[in-house]
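I have placed the structure first, in the form of structure tokens, so that the comments after it can refer back to it.
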Amino acid sequence: MRFTLHIWRQESPAYEGRMARYEIDKIDPGTSLLEMLDTLNEQLIAKGEEPVAFDSDCREGVCGTCSLVINGNAHGGFTETTTCQVYMRQFKDGDEIYIEPWRANPFPVVRDLVVDRTAFDRIMQAGGYVSVHSGPKPDPNSIPIEPDVAGEALDAATCIGCGACVAACPNAAAMLYTAAKVSHLGLLPQGQPERYTRVRSMVEQMDNEGFGGCTNFGECEEACPKGISIKFIGQMNRDYLRATVCEPIERSGKMEAQ
Amino acid sequence: MAIDLNARIPHGPLADKWNNHIDSLRLVGPRNRPLYRVIVVGSGLAGASAAASMAAMGYHVDCFCFQDSPRRAHSIAAQGGINAAKGYRNDGDSAFRLFQDTIKGGDFRAREANVYRLAQLSAGIIDQAVSQGVPFAREYGGMLANRSFGGVLVERTFYCRGETGQQLLLGANSALAEQIHRGRVNMYTRTEMLDLVVAEGRARGIVVRDLVTGEIRSHAADAVVLATGGYSTVFYLSTNARGCNVTATWRAYKRGAAFANPCFTQIHPTAIPASGDQQSKLTLMSESLRNDGRIWVPKNKDETRSAPDIPEEDRYYYLEERYPRFGNLVPRDVAARNAKDVCDAGLGVGASGYGVYLDFRDAIKQEGLETIEGRYDNLFEMYERITGENPLKTPMQIYPAPHYTMGGLWVDYNLMTTVPGLYAIGEANFSDHGANRLGASSLMQCLADGYFILPVTIGDYLSRHPRGEIDTSHASFKATESEVNERVHKLLSLRGNRPSTAIHRELGALMTDSCGISRNKKGLAGALKSIPKLREEFWKNARVTGSAASFNMDLEYAGRVADYLEFAELMCRDAQKREESCGCHFREEYQTDDGEALRNDNEFTYSSVWEHRGERAPKLHKENLSFESIELAQRNYKT
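Just so you know, the protein sequences line up as chains E and Y, in that order.
Going by this note's numbering, the first residue of the first sequence is number 15, and it counts up by one from there.
Going by this note's numbering, the first residue of the second sequence is number 319, and it counts up by one from there.
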């Protein structure tokens with residue numbers, strides 16, 4: 015198969031980026047889109063030109079590293095698909111394909127199609143955990159969990175942190191990502207002691223990173239390669255509201271002597 | 319430097335060794351721990367769990383990963399589950415039985431004491447993960463669910479749908495995030511370790527390259543932990559991620575850490591075959607498919623009909639014919655070897671000729687379309703997504719794929735390598751799986767090492783040495799840094815016309831052919847001649863673009879390929895020396911009349927431990943293995 019590619023090239027954040035045009039031929043229909051880029055890169059390197067930088071690692075849709083906007087859609091706009099799971103037989107011979115990085119202020123471009131997503135890690139570090147040391151713990155069966163609840167927590171925990179939700183959102187909101195973590199832990203008994211401090215810290219960090227707010231476009235759910243439901247944002251909002259109206263009561267003070 | 323292969327296995331009965339050992343270890347007090355600095359390279363299950371556990375104890379940890387986030391390490395791709403001897407099913411499981419299964423599965427080439435400890439600690443891993451919020455599958459009553467896995471007679475595997483590795487990693491990663499938040503871990507992402515610094519006989523730190531700015535930098539510490547995974551990408555095409563590499567462990571080897579059993583590599587029998595030259599990785603399909611699928615190839619080499627049109631009499635159900643008792647359910651290595659055998663004979667299917675059919679036609683006839691579809695729903699979907707073919711209509715094509723590497727840096731009972739102060743954990747060490755790893759055991763080993771073993775044993779070393787003895791201004795750091803710089807510039811000076819990926823692909827084909835599913839004397843001798851030539855080809859004709867002081871993925875990749883071109887030789891050398899078949903190491907000269915692996919316990923009941931000696935050939939040392947709690951016996955799946 016033969017394709018005309020328009021790819022975003024940007025040497026570093028200090029340089030202006032531009033779309034560059036490449037022609038590529040003899041691509042097997044069973045080749046993945048990233049393998050097609052590998053092939054293009056081999057051709058560029060052999061000519062002594064710098065290859066197109068793009069992120070990828072596991073190439074089976076679970077590590078969340080790959081992150082391309084293909085023809086205007088995060089991960090290409092296929093149902094529950096990551097960039098690395100896009101195959102060339104899904105295009106027509108001779109197609110023009112536009113490939114760009116995630117576009118969002120909190121995800122600055124590092125080079126070409128590679129962006130910096132460390133903002134996500136900082137949201138996680140702000141509270142996306144249960145505070146526990148390593149060592150002996152109670153037997154898990156001493157705290158039964160209904161299978162439906164465990165299943166729902168897993169539905170949220172399946173987030174791969176790719177950032178497609180942000181890339182697809184007109185507001186560049188990170189609410190689906192944040193809500194997935196908040197809900198995963200908020201649904202489980204182990205997450206209860208820190209439930210409300212967690213949601214406050216994580217939402218605060220999300221705002222500090224410059225992500226926008228949710229205005230119910232629903233694009234995030236559409237673009238999510240793991241099919242994470244927007245209803246988790248509703249749950250996060252409820253938890254957040256409760257966390258803000260129910261300020262913790264200061265009980266350390268002593269009553270003044272009469 | 320003479321290498322010390324004392325495994326430091328504690329005395330006493332097998333079941334008491336670990337607890338006695340803990341009691342005898344020297345400790346660092348809580349007030350002193352923040353004064354010690356530990357480097358952890360890698361942030362997968364082993365690295366993240368170790369970094370988080372040590373930081374929670376109070377140590378100061380610097381953690382490094384080459385990915386853009388610690389959560390992306392390849393542990394995340396593990397599907398099936400994690401073993402633990404909880405004994406919840408009332409089916410006779412125990413730590414001893416898990417130990418026994420692991421030793422037998424590893425074909426008697428692992429250390430008894432280490433494996434027993436792993437089995438003992440397994441139950442605690444589940445408790446730890448649940449306390450972090452890992453949503454394991456539950457039964458209706460809210461209790462943890464289990465599934466069974468290959469090679470054992472009990473149900474002891476815990477799972478989260480088909481994404482157990484991801485959930486366990488996110489658990490360990492959340493513990494790491496907490497410690498980063500509390501300021502006890504400095505996390506360095508997109509930073510690759512390029513060398514180990516050894517001074518006065520001890521590991522003192524590492525030299526890294528910042529992959530964004532290109533800066534070469536040193537980090538000093540009181541101890542260094544490598545949790546850098548395995549080396550299956552030496553085969554180019556494997557189930558591993560694109561970034562997986564041998565560089566950290568190979569650099570450590572060249573600085574004096576002995577490498578053990580490099581030829582022990584596991585090939586998984588059911589992956590989607592390579593579809594062409596442009597393919598970059600192989601995707602695993604669960605082995606459970608072999609329960610209902612029949613494996614066959616066409617009888618005629620020049621078959622042109624499509625699979626469903628080939629009549630019964632022209633199909634060769636080679637596993638059913640060769641192994642009437644087990645049929646399609648023979649063990650992993652046997653299934654893999656036979657697939658290669660029929661494809662080598664020219665009967666393979668698919669574009670490359672290296673594929674066999676896995677056919678559900680008869681299962682659908684017997685049990686109905688809906689039943690079979692329901693049973694393998696997500697696997698069929700995954701297959702169709704990749705190949706564009708529906709397995710309910712046309713047979714799947716499968717072929718074995720390099721998957722896991724049992725070999726790694728030699729470590730003693732404390733998980734310390736032969737370089738004092740340098741530790742190796744998880745897949746990066748050689749410790750527990752012998753010549754073959756059982757399914758659902760890799761996650762268990764990574765987390766036992768990281769949560770429970772290393773955080774205790776490392777204190778014994780740290781307490782014996784003054785902290786912060788050498789910093790990055792020491793001559794050894796300057797010398798190592800300049801060697802790294804020199805190497806980077808040497809790579810960038812390559813002005814040939816072959817991309818390093820092309821040379822990697824060539825190396826992969828060579829290794830798959832001569833040191834893959836089965837090996838023989840002639841093939842290995844040939845490979846040992848070809849590898850140096852390929853290395854020469856790389857340093858003569860490779861092309862590396864870009865500059866040192868920038869984000870340069872071409873340079874990163876070239877450095878990893880250069881290390882593989884050296885490592886591959888050690889792998890073949892090890893395979894050549896081990897003149898027996900055991901576990902995944904199948905030497906064609908050593909097989910039973912039935913074509914099964916034939917061990918030679920009299921001569922080879924040892925771990926091969928290789929010492930780097932500069933320009934001279936590496937030296938083979940032997941760590942003899944003794945089996946006191948379990949009888950040495952030939953594997954048998956015929957009766």
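Yeah, the Cβ is synthetic: ideal placement off N, Cα and C, and Gly gets one too.
If you're wondering where the values come from, they're calculated on a predicted model, not measured in any experiment.
Chain E has a Cβ within less than 8 Å of the Cβ of H499 of chain Y. L19 of chain E and L733 of chain Y have their C-alpha atoms roughly 50 Å apart.
With respect to chain E, the C-beta atom of T863 of chain Y has a partner C-beta closer than 8 Å. With a 10 Å radius around the Cβ and a threshold of 16 neighbouring Cβ atoms, K335 of chain Y comes out buried. In this structure, DSSP gives N230 of chain E a state outside helix and strand, which the three-state scheme calls coil. At a beta-carbon threshold of 8 Å, the residues of chain E lying near E457 of chain Y are P161, ordered along the chain. When the beta-carbon positions are compared, M700 of chain Y and G611 of chain Y stay at least 8 Å from each other.
Short of 7 Å from the beta carbon of T775 of chain Y, and not among the five residues preceding or following it, lie these beta carbons of its own chain, in chain order: L343, N732 and L733.
Per DSSP, the unbroken alpha helix (DSSP H) holding F414 of chain Y starts and ends at A413 to G423. DSSP, reduced to helix, strand and coil, places L514 of chain Y within a strand of the structure shown. At least 8 Å separates the CB of G226 of chain E from every CB of chain Y. The C-beta of I59 of chain E comes closer than 8 Å to at least one C-beta of chain Y. Three or more beta-carbon pairs drawn from the region 908-924 of chain Y and the region 935-949 of chain Y are found closer than 8 Å, and the two stretches are therefore classed as touching. Pairing A373 of chain Y with R407 of chain Y, the inter-Cα distance amounts to about 35 Å. Going by DSSP, W857 of chain Y is part of no beta strand (DSSP E) but of the alpha helix (DSSP H) stretching over K839 to N859. Here L529 of chain Y has F384, R508, T509, E510, F869 and E874 as same chain residues with Cβ atoms under 7 Å from its own Cβ, once five neighbours each way along the sequence are excluded.
Straight-line spacing of the CA atoms in G226 of chain E and H89 of chain E works out to 21 Å.
Taking 8 Å as the upper bound on Cβ-Cβ separation, chain E lies near residues V530 of the region 509-535 of chain Y. When the Cα atoms are used, C260 of chain E and R136 of chain E turn out to be separated by approximately 25 Å. Taking a 10 Å sphere around the C-beta of N815 of chain Y, we find fewer than 16 other C-beta atoms and assign the residue as exposed. Within the region 633-708 of chain Y, the beta strand (DSSP E) runs of at least 3 residues that lie entirely inside it are, in chain order, 674-677. In this structure, the CA atom of R535 of chain Y is about 17 Å from the CA atom of S865 of chain Y. Listed along the chain, the chain E residues whose CB falls inside 7 Å of the CB of E496 of chain Y are Y143 and S145. Within the region 113-137 of chain E, the beta strand (DSSP E) runs of at least 3 residues that lie entirely inside it are, in chain order, 123-125. In the three-state DSSP reduction, F476 of chain Y falls in the strand class (E or B). Under DSSP, W22 of chain E forms a beta bridge with E:M33.
Taking a beta-carbon distance threshold of 8 Å, F134 of chain E counts as an interface residue toward chain Y.
Beta-bridge annotation (DSSP): T583 of chain Y is paired with Y:T723. G757 of chain Y sits buried, since 16 or more C-beta atoms from the chains shown fall within 10 Å of its C-beta. For D253 of chain E, the enclosing alpha helix (DSSP H) begins and ends at K245 to V259. L202 of chain E reaches chain Y at G451 and P453, counting residues in chain order whose Cβ is nearer than 7 Å. Chain-ordered, the chain Y residues with CB closer than 7 Å to the CB of E56 of chain E read P817, T819 and A820. Measuring C-alpha to C-alpha distances from L761 of chain Y to each of Y:E638, Y:L486 and Y:R813 identifies Y:L486 as the nearest. Contact annotation: the region 567-584 of chain Y touches the region 887-898 of chain Y, with at least three C-beta pairs closer than 8 Å.
Per DSSP, the beta-bridge partners of T509 of chain Y are Y:D528. Taking 8 Å as the cut-off, the beta carbon of T723 of chain Y is found no closer than this to the beta carbon of E74 of chain E.
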